[in-house]
Each structure stands twice: as structure tokens, then as C-alpha cells.
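These notes are about the structure you will find just below.
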Amino acid sequence: MSCRVGCGACCIAPSITSSIPGMPAGKPAGVRCINLDDDNLCRLFGDPKRPAVCLRFDHDPELCGDSREEALTILARWEKETG
Ligand code: SF4
Ligand code: SF4
Numbered sequence: 072m073s074c075r076v077g078c079g080a081c082c083i084a085p086s087i088t089s090s091i092p093g094m095p096a097g098k099p100a101g102v103r104c105i106n107l108d109d110d111n112l113c114r115l116f117g118d119p120k121r122p123a124v125c126l127r128f129d130h131d132p133e134l135c136g137d138s139r140e141e142a143l144t145i146l147a148r149w150e151k152e153t154g
């Protein structure tokens, strides 16, 4: 299993508390990361400026579900439980 290209759910649903290029205070849950492009791909992929926190989102069937919509739902719930 690998990350669904064009999903980007883990760049939207969870909050990020560390600084992100373009979002120095991080981002609240449910807000699109400014670096997520219109195709839901990270503009910083492979760039050393990509925050370390983004690497924690490795593809995980339990979080990613079977579709982008499912991932958004699961991650929003996970955010509420752990946030
Ligand atoms: S939620 Fe999963 S499938 Fe979607 S972008 Fe993140 S790691 Fe990839
Ligand atoms: S920097 Fe890239 S990987 Fe990290 S949340 Fe933003 S779009 Fe996603």
C-alpha cells in the first residue's frame, strides 16, 4: 500500500503545531496547508524545507481508509480524540 496520489487528506484534516513554510504558526485542524497545490500534492515534496512533522504521515490503511473522503473523516475523528 502506498499513499494515494492527489489525496492530501493528512495535509488538511489534522492540526499542525509546528511552523510550516508560509504558515509560521502551523495550521488548525480542517484547514488546507498553504503548500498543498490544486492537485492535492505537496509543493515541498523532496524539499528540505518540508517540515519534519509531515514525514509522520506515512500511508497507514487505518488512517487513510479506502478513499480520500474516508481519510478526511477518519483523520478528523483522530484529531478530536488525540488533539
Ligand atoms: S491520508 Fe493517506 S493516502 Fe491520503 S495523502 Fe495522507 S498518507 Fe496519503
Ligand atoms: S507541507 Fe506539504 S506535506 Fe506538509 S502539510 Fe503541507 S502540503 Fe502536506
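Numbering-wise, the sequence shown is residues 72 to 154 according to this note's numbering. For each residue, glycine too, the CB sits at the ideal point set by N, CA and C. All figures in this text were calculated on a predicted structure; none of them were measured in a lab.
Work out the CA separation of Val76 and Ile91 for me, nearest whole Å.
In the sequence shown, counting from the first residue as 1, residue 91 sits at position 20. In the sequence shown, counting from the first residue as 1, residue 76 sits at position 5. Roughly 21 Å separates the two Cα atoms.
Assign Leu107 to one of three DSSP states: helix, strand, or coil.
Stepping through the sequence shown from its first residue, residue 107 is reached at position 36. DSSP places Leu107 in strand when its eight states are reduced to three.
On the three-state DSSP scale, how would you describe Ile87?
Translated into the one-based positions of the sequence shown, residue 87 becomes position 16. Reduced to three states, the DSSP call for Ile87 is strand.
Is it the case that the CB of Pro122 approaches a heavy atom of ligand 2 more closely than 7 Å?
Looking up residue 122 in the sequence shown gives position 51. Yes, the beta carbon of Pro122 sits closer than 7 Å to at least one heavy atom of ligand 2.
Is it right to say Ala142 is buried, meaning 16 or more other beta carbons lie within 10 angstroms of its own, or is it exposed?
Taking the sequence shown and counting its residues from 1, the one referred to as residue 142 is at position 71. So Ala142 ends up on the buried side.
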